[in-house]
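Here's the structure we're looking at; comments come further down.
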Amino acid sequence: MYIRRTTTTGSKAKKTYYTYRLVETERVNGKVKQHTVLNLGRHFNVDKDNWKPLVSRISQLLGLQGNLLSIGLGVELEQMAQNYVARIIHSCTSKNTSRASSMHYSITPDGMEFIRPRRVGIEHLALHAVSQLGLDKKLKELGFTQPQMAAALGNIVARVASPASELATHHWLQDTSGLGELIDWHYEDMPLEHLYRISDRLWKHKDVLEKHLYQQERNLFGFEETITLYDLTNTFFEGTAASNPKAQFGRSKEKRTDCPLVTL
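So in the numbering used here, spot 183 of the sequence shown is number 168, and the numbers just go up one at a time.
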């Protein structure tokens, strides 16, 4: 196997960019043929000097190359190799090709190696909630494309399972979560800016989404509407008010910031 770079020109913007593929050469009926094992996309940013060791590690993980020599990759390249191998196996299994059959091996417990261990528990529960609330259908009604849906679900589920910034969410989706396997989407290929853009798009539809979720929750749980009107005020105490545990210093409407207050 080897990595091939192809020059592509966009049909609309007429911009030239590169795409990358993992290609395998094989001999069929006496003729040498090449076929694409995996599309690496246009965001493949590995230095050319590392292409050969990366391909060697992929072949090693697939069992196509012996383990006589240790391939010393850095953490990032090792993670990348394992991600690509998982995608190749998933692709072969889903297509049920002859190549998938050739990837069944006799193994011993000592020969097992964990590749891309992922968590799916909270993700599965969050996706069920999304389905129950009809949020996925609502996003489609609002014109979200499949890549936008994947980015939106990534952001939403991450807020449930591991709330953090978009940058941390991007790492979580790529390195920890199995959400991609549950919705059949490769977050490894999703650039960080997609998460920022989808956050802006979700905020744009904030009012519509909140109204939809409110109505769905009422229907699911049989909630009745209750409108509560309340007013807040505060009063201050002269002295320390040491015997009143509710008295605290704060913002006084009488400008008595030197006195402890209670809010009613």
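We put the beta carbon where it would ideally sit given N, CA and C, even for glycine.
About 20 Å separates the beta carbon of A136 from that of H75, a gap too long to meet the 8 Å contact definition. Ranked by Cα distance from E63, the first of D95, T93, R101 and K18 is R101. Residues M134 of the same chain have their beta carbon placed closer than 8 Å to that of K125, with the five preceding and five following residues left out of the count.
Cβ contact annotation for H171 (same chain, cutoff 7 Å, sequence separation greater than five): R72 and G165, in chain order.
Under the rule that a run must span 4 or more residues, the alpha helix (DSSP H) segments found entirely inside the stretch 109 to 164 read 120 to 126, 131 to 146 and 151 to 160. Shown here for H20: same chain residues with a beta carbon closer than 8 Å to its own, the five before and five after excluded, namely V8, E9 and E11 in chain order. It is roughly 16 Å from the alpha-carbon of L177 to the alpha-carbon of S162. A residue is called buried when at least 16 other Cβ atoms come within 10 angstroms of its Cβ; P94 does not meet this threshold and is exposed. Here the alpha carbon of R203 sits roughly 17 Å from the alpha carbon of T213. Minimum Cα-Cα distance from Y5 among the listed residues L110, G15 and T(-9) corresponds to T(-9).
Residue pairing from DSSP places L246 in a beta bridge opposite F221 and Q233. Taking the C-beta atoms as reference points, G119 is found nearer than 7 Å to Q201. Boundaries for E239: no alpha helix (DSSP H) harbours it, and the DSSP string shows neither H nor E there.
Under the three-state reduction of DSSP output, H197 falls in the helix class.
Counting along the chain, the unbroken beta strand (DSSP E) around L23 starts and ends at K16 to G26.
Straight through space, the alpha carbons of R182 and V40 are spaced by roughly 33 Å. If you draw a straight line from the Cα of A146 to the Cα of L110, it comes to about 10 Å. By the 16-neighbour rule on beta-carbons within 10 angstroms, Y(-13) is exposed. The Cβ neighbour count for H155, taken over all protein chains shown within 10 Å, is at least 16; the residue is labelled buried.
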